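So the sequence shown is numbered by the working numbering: it starts at 30 and just counts up by one. Working notes, beginning with the structure itself.
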Amino acid sequence: MSAEVSSVQDLAGDLAGTYRRTESSGHTVDPEVVDADLAALLRDGYVILPDLITAQEIQAIRDDTDPLLNLKGRNNFEGHATQRIYSVLNKTRSCDRLAAHPRVLALLDRLLMPNYLLSMLQVINILPGESAQMLHTDDGFYPLPRPRQALSAATIWAIDDFTATNGATEIVLGSQDWGDELPQEDSDRRPVIMSAGSCVFFLGTLWHGGGPNHSTAPRLAVTAQYCEPWLRPQEAFTLSTPHDIARIVDEDIRRMLGYSIHPPFIGQVDGMHPKRLLEAE
């Protein structure tokens, strides 16, 4: 394959032309479905994608994560009555499908630049008695003024039903378009009600937070967050994820971990595509 290019914009992989950009599995989703999802997302700042995983997949996530839910949050943002699991890819394969579900990737393909990155994959279990989480935006730590296009997007997957009383994620409708406004105490926090196996997809500019859990049971969820390929992700996956795991996850996840190039050079290792690291060993 010739590596000759007329400009850096022509590059869709490494400089040698060995690794070309790979298409995400989002291309398998009916474009009319994606159009409808995207229209709702841009209108409201979020969209609920119902019943995307099976009862068997839900049970596998429960079985794999339950032994790992040992620690509670260290501050009021993590939640003193909330359990979290970080570095999920190193601990179970049962959440892989959530991070790379075609319906999610189809939306990301429309919103973000090619070779967007996985920014965070985390399990969150809100216990009874937890108070409401402070409202926040997921790309608020990128110091670019608003209003602006979202630099990231997030999904929260209901492993338990999300109800009005058990800690369902709460959103401030329309806040994705705000400038420098901040939510007030009387801001209208609307719970995202959805059944187990469903997913809420929202823009990184949307104000949201975990709701209070007034029920008698925990509320288990998985969140996967994504960002533009030229931004630093929240989780340093190329450091936290061993090469042997990067080899066995599917191509969509491997690319989103950072085994990809944002043209012309971002993500290179010694002037070469990072996938060479996996082959070298």
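Where a beta carbon is used, it is the ideal one built from N, C-alpha and C, also for glycine. If you're wondering where the values come from, they're calculated on a predicted model, not measured in any experiment.
Just list the residues that DSSP pairs residue i with in beta bridges.
i           : result
residue 181 : 256
residue 231 : 75 and 183
residue 170 : DSSP output for residue 170 lists no bridge partner at all.
residue 287 : Looking at the DSSP assignment, residue 287 forms no beta bridge with any residue, so it has no partner.
residue 239 : 198
residue 249 : 154
residue 218 : 201
residue 113 : 153
residue 298 : 301
residue 165 : 237
residue 191 : 223
residue 307 : Looking at the DSSP assignment, residue 307 forms no beta bridge with any residue, so it has no partner.
Give the C-beta separation of residue i and residue j to the nearest angstrom, bearing in mind that I take them to be a contact with Cβ-Cβ under 8 Å.
i           : j           : result
residue 154 : residue 247 : 5 Å
residue 160 : residue 195 : The pair is not a contact, with the Cβ atoms about 13 Å apart (cut-off 8 Å).
residue 129 : residue 63  : At roughly 16 Å, the Cβ-Cβ gap does not stay under 8 Å, so residue 129 and residue 63 are not in contact.
residue 233 : residue 275 : Their Cβ separation, rounded to whole angstroms, is 25 Å, which puts residue 233 and residue 275 out of contact at 8 Å.
residue 251 : residue 90  : 7 Å
residue 100 : residue 112 : 6 Å
residue 143 : residue 50  : 6 Å
residue 235 : residue 205 : 4 Å
residue 162 : residue 108 : 6 Å
residue 156 : residue 110 : 4 Å
residue 131 : residue 164 : Rounded, the Cβ-Cβ distance is 31 Å, inconsistent with contact.
Apart from the five residues on each side of it in sequence, which residues of its chain come closer than 8 Å, Cβ to Cβ, to residue i?
i           : result
residue 221 : 75, 77, 185, 191, 197, 198, 199, 200 and 229
residue 98  : 112, 114, 152 and 154
Who are the Cβ neighbours of residue i in its own chain at under 7 Å, not counting the five residues just before and after it?
i           : result
residue 146 : 255, 256, 258, 262, 285 and 287
residue 306 : 272 and 298
residue 296 : 287, 289, 290 and 303
Could you check if residue i is buried or exposed, using at least 16 other CB atoms within 10 Å of its CB as the buried criterion?
i           : result
residue 104 : exposed
residue 271 : exposed
residue 106 : exposed
residue 138 : buried
residue 294 : exposed
residue 269 : exposed
residue 266 : buried
residue 37  : Because the pLDDT at residue 37 is just 48, under 50, the model does not fix this residue reliably, and the point stays unresolved.
residue 231 : buried
residue 253 : buried
residue 57  : exposed
residue 168 : buried
residue 80  : exposed
residue 290 : buried
residue 66  : buried
residue 83  : exposed
residue 239 : buried
residue 55  : buried
Excluding the 5 residues preceding and the 5 following residue i in the sequence, name in chain order all residues of the same chain whose CB lies nearer than 6 Å to its CB.
i           : result
residue 264 : 149
residue 208 : 175 and 176
residue 133 : 184
residue 35  : Any reading at residue 35 is ruled out, since the residue's pLDDT is 49, under 50, leaving its predicted position unreliable.
residue 216 : 201
Between the region 176 to 191 and the region 223 to 241, do three or more beta carbon pairs fall short of 8 Å?
Yes, since at least three Cβ pairs between the region 176 to 191 and the region 223 to 241 fall closer than 8 Å, the two stretches touch.
Do the region 90 to 105 and the region 117 to 133 touch if we need at least three Cβ pairs shorter than 8 Å?
The region 90 to 105 is in contact with the region 117 to 133.
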